[in-house]
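Structure first, then comments.
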Amino acid sequence: MIVNKTSNNAKSANFIRSVFALVGTIIGVGIYGIPYASAQSGFFVGLAYLIILGLVTLIILRAYGEVVVHTPGHGRLISFLRKYTNPLVSHMGAVALVGSWWGALVAYIIIGGTFLNQIFSNFDFGSQFFYQIVFFAIASALVLGGLGFVSKIESVFVCALLAVFILIFIKATPQIASENLFTADYSNMLLPYGVILFAFGGLGAIPEMRDILGQNKKLLLRAIMAGVAISAVVYIFFSAVVVGIAGDSTSKDALSSLIPSLGQLLSVAAPILGFFTVITSFLMLSINAVDTFVYDYKIRFLPAWLLTIGVPFLAFLLGARDFISVIGFTGSILGGALGMIVLYMHERARKILSRLHLGRLSTPRFAVSIAAIVLVFGVIGEVVYYFISL
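Going by the working numbering, the sequence shown runs without a break in its numbering and finishes at 644.
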């Protein structure tokens, strides 16, 4: 009895850890773009996107999770693509993956510098561009140092960030003007798609969740469902609070819109915590990218570091400085392509594993097909929206 109780407690603790790993990966810089995208199109338009893309994300992560659980070893996405797809699809997946990393790093530079600017708003140290350069210099130097403790401190900042969001909900909810939630601008109806798909990115957490839970497929799938659901609920409430208060004046970083309503303490704490959350996310993603270049592509450490941080910095210098445009493109085009490739890999793995009697992948084919169709139309919609916006 004691052994069973201890085993159940350990299983519950591991389940919570795995859910937290997914929530910590999903809830990142993308959350700050959702309120603006929802305000520009209409809160309920944004809500519909959050629900639909939350379900699409659930299907993608579930499909990837099944592949990870049924494949021996501790590989990364690129190794799974090589195992289950042909070289062309594998290379396309690698391009989409690395491109999405670079796009995310550009977004981190933009929003990290914005938070630094807010923190030092009472001092005349320089423009927002100056703070973005400072953010990049600090973050890239820390990546060069190879911070092994980043994964540990990230969980602390995610917990603190969720606590601040709860305080924001409590403090700001009474100030919501309900009429702000019922406006809509259908000319911007396509705007939230890429932003929200970017915000739901969580593929990188799945192998870590498998390591925590072992080969327990049912527990992994439940953890994925719980992690996506928690993230979606946080996004919905945060978007409702910001849009409800600021309406169509919602800023692209969200927090600027709330500062007048938060009180002095939260007005100082929110951008500080936002900065540390963004810089830890920058470090986690950069270190993962460097490791991929080093171990999967046999590139030496220094060139891998330069490749990781140099391309996004160059893109930033060349004019990629609009936060919403960057995460919208990264989410819809690169994230959408990567999602389709993961779904294709799942279907290939379904046939291969079944033929070799190594397991049965249970994600319904119709669900995979629907998710793929949504992603295809999302890519088309983003291209159309881009040309309409010119």
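Note that the Cβ used here is the ideal one computed from N, Cα and C, for glycine as well.
Bear in mind that the values here come from a model prediction, so they are computed numbers and not experimental data.
Opposing strand residues paired with residue i [DSSP bridges]
| i | result |
| --- | --- |
| A438 | G296 |
Residue i in three-state terms, based on DSSP
| i | result |
| --- | --- |
| H328 | coil |
| I281 | coil |
| T534 | helix |
| L444 | coil |
| S272 | helix |
| F379 | coil |
| K337 | helix |
| G635 | helix |
| S505 | coil |
| G287 | coil |
| G308 | helix |
| G319 | helix |
| G528 | helix |
Span of the alpha helix (DSSP H) around residue i
| i | result |
| --- | --- |
| N371 | P341 to I373 |
| I430 | Here I430 belongs to no alpha helix (DSSP H), and DSSP marks it neither H nor E. |
| L457 | L457 -> no alpha helix (DSSP H), and no H or E assigned at all. |
| A393 | Q382 to L398 |
| A494 | K471 to A500 |
| S510 | L509 to L516 |
Inter-residue Cα distance where the pair is residue i and residue j
| i | j | result |
| --- | --- | --- |
| L398 | T368 | 23 angstroms |
| F583 | T279 | 20 angstroms |
| F384 | Q372 | 13 angstroms |
| L519 | L527 | 12 angstroms |
| I424 | P514 | 15 angstroms |
| D502 | V323 | 45 angstroms |
| A625 | F374 | 43 angstroms |
| P557 | L568 | 15 angstroms |
| F300 | G448 | The sequence shown places Gly at residue 300, rather than the Phe named in the question. If I take the Cα positions, the gap works out to 11 angstroms. |
| G432 | A438 | Here residue 432 is Ser; the residue named in the question, Gly, does not match the sequence. Computed Cα separation, rounded: 13 angstroms. |
| L475 | R316 | 6 angstroms |
| V277 | T325 | 24 angstroms |
| V343 | A426 | 47 angstroms |
| Y549 | G498 | 47 angstroms |
| L421 | V321 | 39 angstroms |
| T534 | V596 | 26 angstroms |
| L509 | G327 | 42 angstroms |
| G353 | L435 | 35 angstroms |
| G585 | S295 | 17 angstroms |
| Y639 | S441 | 9 angstroms |
| V488 | Y303 | 14 angstroms |
| I392 | F529 | 12 angstroms |
| V283 | S493 | 14 angstroms |
| I306 | I606 | 30 angstroms |
| A291 | R554 | 40 angstroms |
| W356 | Y318 | 22 angstroms |
| F390 | L370 | 11 angstroms |
| G589 | N542 | 17 angstroms |
| S505 | K265 | 42 angstroms |
| K337 | S381 | 48 angstroms |
| V418 | G632 | 33 angstroms |
| Y598 | A348 | 14 angstroms |
| F641 | I634 | 11 angstroms |
Near the ligand COA: residue i beta-carbon under 7 angstroms from a heavy atom
| i | result |
| --- | --- |
| V321 | Looking at this structure, you won't find the ligand COA or any other ligand, since it has none at all. |
Could you pull out every unbroken alpha helix (DSSP H) segment of at least 4 residues lying fully inside the stretch 540 to 625, listed in chain order? Listed in chain order, the complete alpha helix (DSSP H) runs (minimum 4 residues) inside the stretch 540 to 625 are 555 to 571, 577 to 583 and 590 to 609.
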